[in-house]
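This note's numbering runs 4 ahead of the 1-based position in the sequence shown.
Just so it is clear, CB atoms sit at the ideal spot from N, CA and C, and this is done for glycine as well.
Let me begin by presenting the structure, written as structure tokens, before commenting on it.
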Amino acid sequence: LFKEGITGKFERTMGGLVAHLDQVVVLKGMRGQGGGDLLVHDMVGALAAGVGRGAEGGGFKFVALRHTDLGSGKLVDWYRRLGFVKAAEYRDDLKKSGDDLMIAEMPTLLERVKGVRF
5 LFKEGITGKF
15 ERTMGGLVAH
25 LDQVVVLKGM
35 RGQGGGDLLV
45 HDMVGALAAG
55 VGRGAEGGGF
65 KFVALRHTDL
75 GSGKLVDWYR
85 RLGFVKAAEY
95 RDDLKKSGDD
105 LMIAEMPTLL
115 ERVKGVRF
């Protein structure tokens with residue numbers, strides 16, 4: 005269902021604009037020091053401010069990503085702390101989208117990452 009290049013179909017499925025978080029890369033020696041949190045914090049702020057397609061039609065409703073956790077679970081846990089859930093846990097019709105697809109609603113991201121409450 006959700007692959008590179010077909011975000012329009014995914015947006016129709018989700019019922020709103022979906023931002024695709026492609027990669028958050030933190031150098032191994034810098035991990036655990038808040039660098040990834042800072043990158044996601046700034047990305048959420050930019051999306052909330054209407055950067056990109058979010059400026060049209062009421063803004064982004066969701067952020068989606070494909071995690072690259074290699075089995076330790078640390079990366080998936082980090083994304084969960086930010087407010088992401090596995091797509092299959094979010095909605096039954098997304099179960100065939102792959103175990104690596106994760107989704108977060110913008111209000112959840114804003115609350116967890118930026119401290120903004122709705």
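| Query | Result |
| --- | --- |
| Range of the contiguous alpha helix (DSSP H) that encloses Glu115 | Neither: Glu115 is in no alpha helix (DSSP H) and is coded neither H nor E. |
| Three-way DSSP call (helix, strand, coil) for Phe64 in this model | strand |
| Three-state class that DSSP yields for Leu190 in the structure shown | The first residue shown for the chain is 5 and the last is 122, placing residue 190 beyond what the model contains. |
| Reference Gly102, options Gly63, His71 and Phe64, closest by Cα | His71 |
| Classification of Lys90 by the beta-carbon crowding that lies within 10 angstroms, buried from 16 upward | buried |
| Simplified DSSP state of Ala108, which is helix, strand or coil | strand |
| Rounded distance between the beta-carbons of Lys65 and Met18, thought under 8 Å | 7 Å |
| Buried or exposed by the 16-neighbour rule on C-beta atoms within 10 Å, applied to Gly54 | exposed |
| Rounded separation between Gly36 and Leu98 - CA only | 31 Å |
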